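> Sharing a structure below in structure tokens format, with a few things to ask.
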Amino acid sequence: MFTKTDQLFRPILLFLVIFKFTLAFFSVHPAYQLQRDEYLYLDEANHLAWGFVEVPPALAVQAWITKALGNYWFLVRFWPALFGAITMWVIGLTVKRLGGSSFALALVGIGFLASAYLRINILFQPNALEFLFWSVYLYLLICYIQQPKASYLYLLGVAIGLGLLNKYSVIFFLAGTCLALLLSPQRTIFRQKHFYGALLIAVIILLPNLIWQVQHNIPFWQHMQELKKTQLDLVKPKDFLLDQLLMNFPALFIWLAGLLALFFTKWARPYRLIGWIYLSVIAIFLLLHGKSYYALGLYPILLAFGGVAWEQLLTQKWQRQLKPVLLLLPLILVAPLVPLLLPILSPKATAQYCQKFKATGILRWEDGQDHLLPQDYADMLGWSEMARLVRKAYTTIPMAERAETIIWCDNYGEAGAVNFYNLPYNLPRAHSTSASYALWFPPLVNPKILILVSENAPTELQAHFKSVQIIGRLNNPLYRENNTHVSILRQPNATILQSWNAEITAEKQKFGVK
Numbered sequence: 001m002f003t004k005t006d007q008l009f010r011p012i013l014l015f016l017v018i019f020k021f022t023l024a025f026f027s028v029h030p031a032y033q034l035q036r037d038e039y040l041y042l043d044e045a046n047h048l049a050w051g052f053v054e055v056p057p058a059l060a061v062q063a064w065i066t067k068a069l070g071n072y073w074f075l076v077r078f079w080p081a082l083f084g085a086i087t088m089w090v091i092g093l094t095v096k097r098l099g100g101s102s103f104a105l106a107l108v109g110i111g112f113l114a115s116a117y118l119r120i121n122i123l124f125q126p127n128a129l130e131f132l133f134w135s136v137y138l139y140l141l142i143c144y145i146q147q148p149k150a151s152y153l154y155l156l157g158v159a160i161g162l163g164l165l166n167k168y169s170v171i172f173f174l175a176g177t178c179l180a181l182l183l184s185p186q187r188t189i190f191r192q193k194h195f196y197g198a199l200l201i202a203v204i205i206l207l208p209n210l211i212w213q214v215q216h217n218i219p220f221w222q223h224m225q226e227l228k229k230t231q232l233d234l235v236k237p238k239d240f241l242l243d244q245l246l247m248n249f250p251a252l253f254i255w256l257a258g259l260l261a262l263f264f265t266k267w268a269r270p271y272r273l274i275g276w277i278y279l280s281v282i283a284i285f286l287l288l289h290g291k292s293y294y295a296l297g298l299y300p301i302l303l304a305f306g307g308v309a310w311e312q313l314l315t316q317k318w319q320r321q322l323k324p325v326l327l328l329l330p331l332i333l334v335a336p337l338v339p340l341l342l343p344i345l346s347p348k349a350t351a352q353y354c355q356k357f358k359a360t361g362i363l364r365w366e367d368g369q370d371h372l373l374p375q376d377y378a379d380m381l382g383w384s385e386m387a388r389l390v391r392k393a394y395t396t397i398p399m400a401e402r403a404e405t406i407i408w409c410d411n412y413g414e415a416g417a418v419n420f421y422n423l424p425y426n427l428p429r430a431h432s433t434s435a436s437y438a439l440w441f442p443p444l445v446n447p448k449i450l451i452l453v454s455e456n457a458p459t460e461l462q463a464h465f466k467s468v469q470i471i472g473r474l475n476n477p478l479y480r481e482n483n484t485h486v487s488i489l490r491q492p493n494a495t496i497l498q499s500w501n502a503e504i505t506a507e508k509q510k511f512g513v514k
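Here full-length UniProt numbering is used: the first residue of the sequence shown is 1, the next is one more, and so on.
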């Protein structure tokens, strides 16, 4: 694929891939821990299945490998770093496919490094792999447009099936692509048997997860309904569109050039389908109140088109002098934004720095309100301290009573963090009725002692226990878990036990679990 006409292309791409991979390991201040969702996903390694309430099984497999190798922090970072590096490689392949050379590649690579993927590729979440898959889908479509071989369609079917095992948002890509196909010359694909064969392959790959979904009363739909009620309905269309500009602002002039090229240039005309896919998916997310970052999978390939567009524009001798300026521009623009994209500063310093950019919405959380830190950053604080309080509580319980002790947490982040940090200390596993923990809870509980991790002091529960002892609480306004209490509650009465078991039963029945 690489020709001898551009000797710099291969080494530049190799440098960009390696740099992108290593960046994740040196861009997080040591004061930060793992992010709330990461603890849940890592705990999935202890409950391998074909599906979970929030996500399909791909993350659980990564978590199982991570656990088998020791659960070290750098292993957790390895996965998003790897997927980010491979995405960079796919971008490079796309640039080459489009006839771009080393300048286009360098411009696109710098643009990718200077965008919102900085944050995405440090978090052990499904998004890093999701955006890689979206890039692969668009790359395979480009390959098919250039050479309409059935093999590209079947590869696309395999990639879509695997992508669905990582995150169901692939459905939005499929919906947008089908709409876009109707507006493009490639609509003839609907008359090809290989198109339906590729879809069949995707369905076969997804089938075990589909069966799991049916067996558990379609938790994906229940999860989406909860998201819609608590988060998605708060997303305003104007904020969504503004965020599309802000998330990749340092590379805006690159990807926007790519989008314009798809509709207004002769060389990109054959690939106009990609432009229609972008517009269709954005329209779907606007209609359904999707979160801003849901669309991030669309931009890596648009960046590739933009890099080639700029390369073709700067053909005159005097214009070539602009190339170094364009290469430096994303770096200049991203420099003041780095602490907003990566937690490189201490939490206190980050909070002070973010105030300068409050108007951009960087401090706005899912509740629609502004806070002291970006939500992801606040979600990376306080967990080990909370786990230590649970450990302290457990050590105060006499050995004879520990077998009848249960650890109950208000939410999945607390339960996951307690299990992650206390694994070496042989504590009983923490439980919750939040998220997938509802699937893993024992059918009934009858403890004599309860270690409670709660967002509030257990004041209302005192009447239902013989004694209540507060061990400690988190006290830092920068923590999202600020004011979380760890308490020991002894000898619950029948009323509270009945209430808890009813809650457990109800949650498990929602998902068809006994």
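All C-beta atoms in this analysis are idealised placements derived from N, C-alpha and C, irrespective of residue type, glycine included. Computed from a predicted model, the values in this text were never measured in an experiment.
Count the other CB atoms, across all protein chains shown, that sit within 10 Å of the CB of Gly99; report buried if there are 16 or more and exposed otherwise.
exposed
> Within a Cβ cutoff of 7 Å, which residues of the same chain sit near Phe2, ignoring the five residues on either side of it in sequence?
Residue confidence is low: Phe2 scores 42 on pLDDT, short of 50, so the model does not pin down where it sits. Its coordinate-derived value is still stated next. Contacts found: Phe9, Arg10 and Lys96.
> Count the other C-beta atoms from every protein chain shown that fall within 10 angstroms of the C-beta of Leu119, then say buried if there are 16 or more, exposed otherwise.
The sequence given here places Arg at residue 119; Leu does not occur at that position. So Arg119 ends up on the buried side.
> Do three or more CB pairs link the region 84-94 to the region 114-131 at distances below 8 Å?
yes
> When you compare the CB positions of Leu246 and Thr360, do they come within less than 8 Å of one another, or not?
yes
> Identify the continuous beta strand (DSSP E) that holds Pro492 and give its terminal residues.
His485 to Pro492
> For Thr405, list the residues DSSP reports as bridge partners.
Ile449
> Compare the beta carbon distance of Phe124 and Ser436 with 8 Å and say whether it is the shorter of the two.
No. Outside cutoff.
> Using the beta-carbon count (16 or more within 10 Å), is Asp43 buried or exposed?
buried
> Measuring alpha carbon to alpha carbon, tell me which of Gln491, Glu455, Val445 and Ala438 ends up nearest Ala463.
Gln491
> Please confirm whether Lys358 and Asp367 have their CB atoms less than 8 Å apart.
Taking 8 Å as the Cβ cut-off, Lys358 and Asp367 do not qualify as a contacting pair.
> Could you work out which residue in Ala202, Phe19, Ile254 and Trp221 is closest to Val325 when comparing CA atoms only?
Ile254
> Which full runs of the beta strand (DSSP E) of 3+ residues lie inside the region 127-180, going along the chain?
none
> Have a look at Glu455 and Asn411 and give me their C-alpha separation to the nearest angstrom.
9 Å
> Whose CA, out of Glu385, Arg77, Thr405 and Asn446, lies closest to the CA of Arg473?
Glu385
> For Ala457, which residues in the same chain have their Cβ closer than 6 Å to its Cβ, ignoring the five residues on either side in sequence?
Here Ala457 has His485 as same chain residues with Cβ atoms under 6 Å from its own Cβ, once five neighbours each way along the sequence are excluded.
> With a threshold of 7 Å (Cβ to nearest heavy atom), would Gln147 be considered close to the ligand MN?
For the structure depicted, the ligand MN is absent and the ligand set is empty, with no information on it obtainable.
> Would you mind working out which of Phe112, Gln35 and Asn71 sits nearest Ile301, comparing C-alpha positions?
The shortest C-alpha separation from Ile301 is found at Phe112.
> Going by CA-CA distance only, name the one from Ala31, Arg36, Asn46 and Ile12 that's closest to Leu423.
Asn46
> Figure out for me which residue from Arg364, His194, Leu342 and Leu273 has the closest Cα to the Cα of Ala24.
Leu342
> Does the distance from the C-beta atom of Leu181 to that of Arg187 stay below 8 Å?
yes
> Are Leu141 and Ile274 touching if we call contact CB-CB under 8 Å?
yes
> Roughly how many angstroms lie between the CA atoms of Ala430 and Arg388, to the nearest whole one?
13 Å
> Strictly by DSSP, which residues pair up with Arg364?
Partner(s): Asp370.
> If Ala251 and Leu303 are in contact, beta carbons under 8 Å, what's the gap, nearest whole angstrom?
Confirmed, about 6 Å.
> Enumerate in chain order the residues of its own chain whose CB-to-CB distance from Asn446 is below 6 Å, with the five nearest sequence positions on each side excluded.
none
> Any C-beta of chain C sitting closer than 8 Å to the C-beta of Ile406?
Protein chains in the displayed structure number just one, and chain C is not present.
> Which stretch, first to last residue, makes up the alpha helix (DSSP H) that contains Arg36?
Arg36 to Asp43
> Looking only at C-alpha atoms, which of Leu478, Lys448 and Pro237 sits nearest to Ile488?
Nearest in C-alpha terms to Ile488, of all of Leu478, Lys448 and Pro237, is Lys448.
> With Gly157 and Ile201 assumed to form a contact (beta carbons below 8 Å), what rounded beta-carbon distance in angstroms separates them?
4 Å
> Assign Ile122 to one of three DSSP states: helix, strand, or coil.
coil
> Alpha carbon to alpha carbon, what distance is there between Gln222 and residue 541?
Shown here, the chain extends from 1 to 514; a query on residue 541 therefore has no answer.
> When burial is assigned at 16 or more other CB atoms within 10 Å of the CB, is Val108 buried or exposed?
Counting C-beta atoms within 10 angstroms of its own C-beta, Val108 has 16 or more neighbours from the protein chains shown and is therefore classed as buried.
> Buried or exposed, going by whether 16 or more other CB atoms sit within 10 Å of the CB of Phe420?
Phe420 should be labelled buried.
> In its own chain, which residues sit with a C-beta less than 6 Å from the C-beta of Trp212, not counting the 5 before and 5 after it?
Trp50 and Gly51
> Quick one: what's His431 bridged to in DSSP?
Paired residue(s): Trp408.
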